[in-house]
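Quick notes on the structure that follows.
Numbering (the working numbering), first residue to last: 2 to 52.
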């Protein structure tokens, strides 16, 4: 069993629901949830899930 490196783990942004690596996530000061760098930089943005 291999250990995963913290920086390589992925999670969903709580705002736009896109997958990002944990190293690219920030804590939103208004909601206290983990959001991607895009949602952190541009709060209230209208980013939608791309399929």
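Built from N, CA and C at the ideal position, the CB exists for glycine as well.
Starting from residue i, trace the beta strand (DSSP E) both ways and give me its first and last residue.
{"i": "residue 12", "result": "11-13"}
{"i": "residue 20", "result": "20-22"}
Exposed or buried, which one is residue i when buried takes at least 16 other CB atoms within 10 Å?
{"i": "residue 36", "result": "buried"}
What is the DSSP secondary structure of residue i, counted as helix, strand or coil?
{"i": "residue 37", "result": "strand"}
Please report whether the beta-carbon of residue i lies at a distance below 8 Å from any beta-carbon of chain B.
{"i": "residue 45", "result": "Although the question refers to chain B, the structure presented lacks it and comprises just one protein chain."}
Among the residues of its own chain, which have a CB less than 7 Å from the CB of residue i, if the five just before and after it don't count?
{"i": "residue 90", "result": "This structure does not reach residue 90, given that the chain is present from 2 up to 52, and the question cannot be answered."}
Apart from the five residues on each side of it in sequence, which residues of its chain come closer than 6 Å, Cβ to Cβ, to residue i?
{"i": "residue 25", "result": "38"}
{"i": "residue 29", "result": "36"}
Please return the same chain residues whose Cβ sits closer than 8 Å to the Cβ of residue i, not counting the five positions on each side in sequence.
{"i": "residue 11", "result": "20, 21, 22, 23"}
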